[in-house]
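A.B. asks: Residue numbering for the sequence shown follows the numbering used here, beginning at 1 and increasing consecutively.
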Amino acid sequence: MREALTFRALARILKYKFSHAKIYPNDSRYIPLGVEDMTTIPDEELLKICQDIQLADDIDQSDLYVMSVVPLAIINFCRNRK
């Protein structure tokens, strides 16, 4: 469950980051994400993204899974947005 929520949030961020680019399914390059990527996302989507990240983190706070997958800048952005 935690993994699904985390990757759904990341997929939403990437959808807006690459809305004008052609991405191939077999392209597995590391894509850095930052707070500047969050500024182009509409508020309703930001709410969904931040809820998914928060829920994934709440499932098991002792585990550092979410922090290892989602950049810390995005986690802090969502925490400060409340």
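Here a beta-carbon is modelled for each residue, glycine too, at the ideal position from N, C-alpha and C.
The structure presented is a predicted model; accordingly, all values stated were derived computationally and were not measured.
#1: What's the C-alpha gap between methionine 38 and leucine 46?
#2: Please state whether DSSP places threonine 39 in a helix, a strand or coil.
#3: Taking Cβ to Cβ, would you say valine 70 is nearer than 8 Å to isoleucine 59?
#4: In the DSSP assignment, find the unbroken alpha helix (DSSP H) run with valine 69 in it and report its ends.
#5: Roughly how many angstroms lie between the CA atoms of alanine 9 and aspartate 63, to the nearest whole one?
C.D. replies: Considering the structure as presented:
#1: 7 Å
#2: coil
#3: no
#4: 65-69
#5: 18 Å
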